[in-house]
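One structure below.
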Amino acid sequence: MLVATIVFVVAFAGFIMLSDRAYRDTLSASKFDGIAIAGTSITESFVGSGGVPSDWETNSSNAQAIGLADSQNYLSHAKIKAFTLMTYNLSKTKIGLPPGIDYRFIVVNMSNATLYQSGVVLNKSQTITPFRRSIIVNGSPAELRLILYG
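Under the working numbering, the first residue of the sequence shown carries the number 49, and numbering increases by one thereafter.
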């Protein structure tokens, strides 16, 4: 009887530890899914829309949605500049990032030289999710990079 009780307690403790691990894995996967959806949505808005209102760059605090495009994948220098000049908290709100998620926005040319950048630099161990989009800016091919940290 004592052996059976010990076996039961050990098995039950193992079950609890595995359940806890599965729960933490599920939470982690759920957070990653949220970051992936946010990053895809934000980059699609950046490269596929001029934003709302369409001239938001003239008064960025009134922007309802941030879009950087003059047309699909052709980005506006004025809109990128206005976005990168926004305060971090305002830009984060305008692109719709939830609390606990930070971002880094970078546009590089084909030589990998930085043309524009904003956001925060990662300074601690966090989940990093990068998004990249091919774009045309100032008449030349470039790459938009959005890195989400959470």
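Virtual Cβ for every residue (Gly too), placed ideally from N, Cα, C.
As the structure is a computational prediction, the values presented were derived from the model and not from experiment.
Taking a contact as a CB-CB distance under 8 angstroms, the pair Val168 and Tyr136 counts as one, their CB atoms being some 6 angstroms apart.
Residue pairing from DSSP places Leu194 in a beta bridge opposite Phe153 and Phe179. If you compare the alpha carbons of Thr88, Ala117, Glu105 and Leu196 with that of Pro147, the shortest gap goes to Leu196. For Leu138, the CB contacts under 8 angstroms within the same chain, skipping 5 residues up- and downstream, are Ser108 and Ser109 in chain order. In this structure Val100 touches Gln112 by the C-beta definition: roughly 4 angstroms separates them, less than 8 angstroms. Across the set Asp150, Leu133 and Tyr164, the C-alpha of Tyr164 shows the shortest separation from the C-alpha of Leu123.
Relative to Phe179, the option among Val155, Met134, Gly115 and Glu105 whose CA is nearest is Val155. Closest in alpha carbon position to Ser97, among Ala86, Ile114 and Ile83, is Ile114. Rounded to whole angstroms, Ala161 and Asp150 show a C-alpha spacing of 23 angstroms.
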